[in-house]
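The structure appears right after this line, and notes come after that.
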Amino acid sequence: MNLPYEQKITIKAWAEEDRPREKLLALGRRNLTDAELIAILIGSGSTTESAVDLSKRILYSCNNNLASLAKLSVQDLSKFKGIGEAKAISIIAGLELGRRRKDTEFSNFDKILTSKDAFDLLAPYFADLLHEEFWVLMLNKANKVLHKSLISKGGQAGTIADPKIIFKAALEHNAANIVLAHNHPSGNLKPSQADLDLTKKLKDAGKLLDIGVLDHLIFAGNSYTSFSDEGHF
Numbered sequence: 001m002n003l004p005y006e007q008k009i010t011i012k013a014w015a016e017e018d019r020p021r022e023k024l025l026a027l028g029r030r031n032l033t034d035a036e037l038i039a040i041l042i043g044s045g046s047t048t049e050s051a052v053d054l055s056k057r058i059l060y061s062c063n064n065n066l067a068s069l070a071k072l073s074v075q076d077l078s079k080f081k082g083i084g085e086a087k088a089i090s091i092i093a094g095l096e097l098g099r100r101r102k103d104t105e106f107s108n109f110d111k112i113l114t115s116k117d118a119f120d121l122l123a124p125y126f127a128d129l130l131h132e133e134f135w136v137l138m139l140n141k142a143n144k145v146l147h148k149s150l151i152s153k154g155g156q157a158g159t160i161a162d163p164k165i166i167f168k169a170a171l172e173h174n175a176a177n178i179v180l181a182h183n184h185p186s187g188n189l190k191p192s193q194a195d196l197d198l199t200k201k202l203k204d205a206g207k208l209l210d211i212g213v214l215d216h217l218i219f220a221g222n223s224y225t226s227f228s229d230e231g232h233f
C-alpha cells in the first residue's frame, strides 16, 4: 500500500548521521557527496527511496558526471520517479548558480596573452550548451579585456555571425583587437570550411578598420581548438 504524501521519506525522518544538512553543519560542505548536496536541493524522496538514493540514481544515469547532469532539462529530470517540476527546477537552479560562480571567478581577467587565457574566460559561457553561440572578446592595444559580447545564438548545427554586428560592437567598445569564439555542440573540434572562410573574411575586414583579429576558438565540452595555435592565422 502506498504511503500518503505526508508520509514520504523526508530528510527529517532519516537517522541523524544520514542527514546531509546536519552533516554539512557538523563537517562542512566539502565533506558531502554530490548526491547528498543534490538531496538537500530536492528535500525529499519518494515513498520507496530517500532523497539521497534518488539523487544517486539520477547521477548514475549521467555517469556520475555533474556536467552531464547540468545538460538535463526540467522534462528530462521529471522522468525520474520522485522528481516533479519543482524539484527539477531546484536542481537546475543549483547547478546554474555553480556555473555563474565560476563565471565571476574569471570576471577580473586582466590580459589575454594566450589561447588558454581566452578559453578560461569564455568556458563558463559555453558550458552545457546544446546550441551554438558566437562570442567576441573586445581587447585594448595591451590585450586587456574591455568587454565580452554575445553576437548570435543558433541551433545545434550552426549560428550566424554577421561581420557588421561584430565590428559594430568592437567599435562601440573602442576595441583595438578582438578574439572570436563559438562552440560545436557535436563535440567536433575541427573547424569547418565555413569557419575558416568566416575567419578570413573577418581578418580582412579588421585590417580595413585597424582592428586586429587575434584568434578564433572553437569550444567543445572541456576542450578547445585555437585557429592561431593551429597555424590558421
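Take the sequence shown: its letters are residues 1 to 233, numbered as in UniProt numbering.
The C-beta atom is built at its ideal place from N, Cα and C for all residues, glycine as well.
These numbers were taken from a predicted model, which means no experiment stands behind them.
By DSSP's assignment, L137 forms a beta bridge with K148, V179.
Short of 7 angstroms from the beta carbon of K144, and not among the five residues preceding or following it, lie these beta carbons of its own chain, in chain order: D110, K111. Ranked by Cα distance from G84, the first of D120, S44, V52 is S44. Note on geometry: alpha-carbon atoms of L66 and T114 lie some 28 angstroms from one another.
The residue among K81, F134, G94 with its C-alpha nearest the C-alpha of A220 is F134.
In its chain, beyond the 5 residues on either side, V52, S55, K56, L59 have a beta carbon closer than 7 angstroms to the beta carbon of A35. If you look at L217, you'll find it in the beta strand (DSSP E) that goes 212-220.
By the C-beta criterion, the region 198-216 is judged to be in contact with the region 174-190, since at least 3 inter-stretch pairs fall below 8 angstroms. A distance of 7 angstroms or more separates the beta carbons of V213 and I166. Between L130 and K71, the beta carbon gap of about 6 angstroms places them in contact (Cβ cut-off 8 angstroms). Inter-residue distance for K87 and S46 is about 12 angstroms (C-alpha atoms, whole angstroms).
DSSP places T48 in the coil class of the three-state scheme, outside both helix and strand. One Cα belongs to L146, the other to I211, and the distance between them is close to 14 angstroms. In the displayed model, T199 falls within a helix according to three-state DSSP. Between I151 and P191, the C-beta gap is not smaller than 7 angstroms, which leaves the two residues out of contact. Apart from the 5 residues on each side of it in sequence, P185 sits with its Cβ closer than 7 angstroms to the Cβ of L129, L130, H131, E132, Q156 in its chain, given in chain order.
With a cutoff of 7 angstroms on beta-carbon distance, M138 and H173 are scored as near each other. Looking from the CA of L196, the closest CA among S50, K23, L41, F233 belongs to F233.
DSSP places S223 inside the beta strand (DSSP E), whose first and last residues are 223-226. With contacts defined as CB atoms closer than 7 angstroms, T225 and L189 qualify as a contacting pair.
Residue range 66-69 is occupied by the alpha helix (DSSP H) that includes S68.
Between I42 and S90, the CB-CB gap stays under 7 angstroms.
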